[in-house]
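Position one of the sequence shown corresponds to residue 245 (the working numbering), numbered consecutively onward.
Ideal Cβ placement from N, Cα and C applies to all residues, glycine included.
Predicted model, so just to flag it, every value in this text is computed and none were measured.
Accompanying notes for the structure given below.
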Amino acid sequence: MGMMSGYWGYRQLGRFVERHRRELINILQIPNARVPSYSAIRRVMVNLDYEKLQIVFNEWSKQSGALSYGELNSPRVAPYSVIPSNEWISLDGKSLKNTVINYDHAQQNFINCVSAFSHQRRLVLGVKMMENKQESEIPVVRDLIELLDLTGVVFTFRCDPWRI
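Here is the structure:
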């Protein structure tokens, strides 16, 4: 919720939690009225198993479906497997800054999250994680397209021409 509200850093997320403490305790039914501090949020993020997160997210995305553009106030949900053939899906990779160990060293081995975003639905349909030292984004993008199993859609991606 904090990230969807524009709070990105650990300290910012900690401030979000403190600012909305009562609402979070009530909505999430948190026992003992204890909410995490920014350092607890940081420890969770640093120790997160990104492979498991990727699997859980992709399964959730398949099962929960996606609202169609213009139906944001409608309760009707359609699974993403019924995405029409004219829909555009953007693929892009972003590095996860909390996986960088030495910011001053040029040869980092950080985790990169490649995501597939539906413009019409305004929703991420799937993600695939990679370590930049072990593979490039190109085979990961291919794997993600295969995982989505969509036909007739237009895939777009930003790429460096010298890497193709």
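request  = Kindly confirm or deny that the stretch 277-289 and the stretch 254-262 touch, where touching means at least three C-beta pairs closer than 8 Å.
outcome  = The stretch 277-289 makes contact with the stretch 254-262: 3 or more CB pairs, one atom from each, lie closer than 8 Å.
Cβ-based burial, residue 245 [other Cβ within 10 Å; buried from 16] = Around the CB of residue 245, fewer than 16 other CB atoms lie within 10 Å, so the residue is classed as exposed.
ask   = Excluding the five sequence neighbours on either side, which residues of its own chain have a C-beta within less than 7 Å of the C-beta of residue 353, listed in chain order?
value = Listed in chain order, the non-local C-beta contacts of residue 353 below 7 Å within the same chain comprise 375, 376 and 377, local neighbours out to five positions each way being set aside.
message = For residue 329 and residue 390, I'd like the C-alpha separation in whole angstroms.
response = Cα-Cα distance, rounded: 16 Å.
ask   = Secondary structure at residue 306, three-state DSSP: helix, strand or coil?
value = Three-state result, residue 306: helix.
ask   = For residue 400, which residues does DSSP report across the bridge?
value = Residue 400 is bridged by DSSP to 334.
message = So the candidates are 275, 247 and 305; which of them puts its Cα closest to the Cα of residue 372?
response = Among 275, 247 and 305, the Cα nearest to that of residue 372 belongs to 305.
ask   = In chain order, what residues of the same chain have a beta carbon less than 6 Å from the beta carbon of residue 398, not counting five sequence neighbours either side?
value = Excluding sequence neighbours, residue 398 sits near 332.
key: Residue interval of the alpha helix (DSSP H) (run including residue 355)   = Looking at the DSSP string, residue 355 is not in any alpha helix (DSSP H); the run it does join, the beta strand (DSSP E), is 355-362.
Extent of the continuous alpha helix (DSSP H) run through residue 257 = Taken as a continuous stretch (DSSP letters only), the alpha helix (DSSP H) holding residue 257 covers 254-263.
request  = Rounded to whole angstroms, what's the CA-CA distance from residue 300 to residue 307? Just pull it up for me.
outcome  = Approximately 11 Å, taken between the alpha carbons.
ask   = What three-state label does DSSP hand residue 314 in the structure shown?
value = Note that residue 314 scores 36 on pLDDT, short of 50, meaning its location in the model is unreliable and no value can be drawn from it.
query = Where residue 293 and residue 388 are concerned, what is the direct C-alpha to C-alpha distance, given to the nearest angstrom?
reply = Rounded to whole angstroms, the separation of the alpha carbons of residue 388 and residue 293 is 19 Å.
request  = Note the first and the last residue of the continuous alpha helix (DSSP H) segment covering residue 290.
outcome  = Note, residue 290: alpha helix (DSSP H), 282-290.
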